[in-house]
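Chemist:
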Amino acid sequence: MGNNEFVSTPQTPVNKVIDGADPDSKALVPMTPVNVDALAVVPVNPKPKRNELSQRRTRRPFSVAEVEALVAAVEELGTGRWRDVKLGAFENADHRTYVDLKDKWKTLVHTASIAPQQRRGEPVPQELLDRVLSAHSYWSMHQSKQHGKHPVEPIKPVDRPDEIVRA
DNA sequence: ATTAGGG
DNA sequence: CCCTAAT
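Each residue of the first sequence is one higher than the one before, starting from 1 at the first, in UniProt numbering.
1. Could you tell me which of Val67, Gln55 and Arg56 sits nearest to Gly121, measuring between CA atoms?
2. Arg57 to Lys49, Cα distance in whole Å?
3. How many whole angstroms separate the CB atoms of Val64 and Pro125, which I take to be in contact at a CB cut-off of 8 Å?
4. Looking at Leu108 and Gly132, is the spacing between their C-beta atoms short of 7 Å?
5. Taking Arg83 as part of the alpha helix (DSSP H), name the residues at either end of that continuous run.
6. CA-CA distance, His95 and Ser140?
7. Taking Leu129 and Ala115 to be in contact with their CB atoms under 8 Å, please state how far apart those CB atoms are, rounded to whole angstroms.
8. Could you give the DSSP three-state label for Ser63: helix, strand or coil?
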């Protein structure tokens, strides 16, 4: 959808310019010539920004099940296609936007890097945190070059993250 | 509309 | 979670 919506006002057939330089002008203040057409089209809906009035979304801690889905999705799609991760694993989770998923991955990588004692909320299974770090390092190297128009790539086995190295 | 990172 | 510069 286009975010640039405009509204056009009826064109002025005769007076295209309102000139204040009129000798017979009774204007108290000199008026600079102004082109009416320039004001004919004014942008409406500048940008539905979020002012300090709008309330921010209520917090919604990710469940372990959600983390599992997120990790699985990133393991095969990488960390540069949150749109696809959203569509592929959170299709019907209206409160989870692809930005939310991207943010969650960021916190997960951090969580996996700190001591269990400083983590908060329902503990995330170490097994998942291991996969997070594994996928994180994996996709750090295989920086997918161009984001060509892929129809949600058919998962290439060779591109999947390696299992945790534990001899 | 998405991506990518800092706030 | 939010904000937003770049794409």
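The beta-carbon is built from N, C-alpha and C at its ideal position, and this holds for glycine as well.
Bear in mind that the values here come from a model prediction, so they are computed numbers and not experimental data.
Modeler: Looking at the coordinates:
1. The residue with the shortest Cα to Cα distance from Gly121 is Val67.
2. For Arg57 and Lys49, the distance between alpha carbons rounds to 15 Å.
3. The beta-carbon separation of Val64 and Pro125, rounded to 7 Å, stays under the 8 Å limit for a contact.
4. Position check: residue 132 holds Val in this sequence, whereas Gly was assumed. Yes; because the gap between Cβ atoms is below 7 Å, this pair is in contact.
5. Segment Trp82 to Ala89, the alpha helix (DSSP H) holding Arg83.
6. Going by the C-alpha atoms only, they are around 28 Å apart.
7. No, Leu129 and Ala115 are not in contact; Cβ-Cβ is about 12 Å, not under 8 Å.
8. Taken through DSSP and simplified to helix, strand or coil, Ser63 comes out as coil.
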